[in-house]
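Here's the structure we're looking at; comments come further down.
Residue numbers (this note's numbering): 1116 to 1217.
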């Protein structure tokens, strides 16, 4: 009977060693998958930023022709004359004359 117990003990130890080896291999695979997932998230974030940039309205340049009052400017844009409101923090008098962009 002691031979039977020794054989079972040896078999159990082999199974334990195999289970530990499997656990180490799975931990390494998990680490690699985590790195891949982080890289994919970063790439996805960069692609989202690119898609957002492509979906933005086109940038148009206009020529400031006059400053008729505070908070507004007259602009020549694409051959049309427009009166545009300024953002409260804009300082058109500090701009080089004749330059504005939207």
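Ideal placement from N, C-alpha and C gives every residue a C-beta, glycine not left out.
For residue 1200, no alpha helix (DSSP H) encloses it; the enclosing beta strand (DSSP E) starts and ends at 1195 to 1200. Judged by their CB atoms, residue 1190 and residue 1201 are not nearer to each other than the 8 Å cut-off.
Taking the CA atoms as reference points, residue 1153 sits about 26 Å from residue 1136. A distance below 7 Å between beta-carbons, with the five flanking residues on each side excluded, links residue 1186 to the following residues of its chain, in chain order: 1200 and 1201. By the Cβ test, the segment 1140 to 1147 is not in contact with the segment 1155 to 1163, since fewer than three Cβ pairs between them sit closer than 8 Å.
Under the DSSP assignment, residue 1177 falls outside any alpha helix (DSSP H), being part of the beta strand (DSSP E) whose first and last residues are 1176 to 1184. Distance from residue 1179 to residue 1207 at the Cβ level is roughly 7 Å; contact confirmed, criterion being Cβ atoms closer than 8 Å.
Residue range 1187 to 1192 is occupied by the beta strand (DSSP E) that includes residue 1189.
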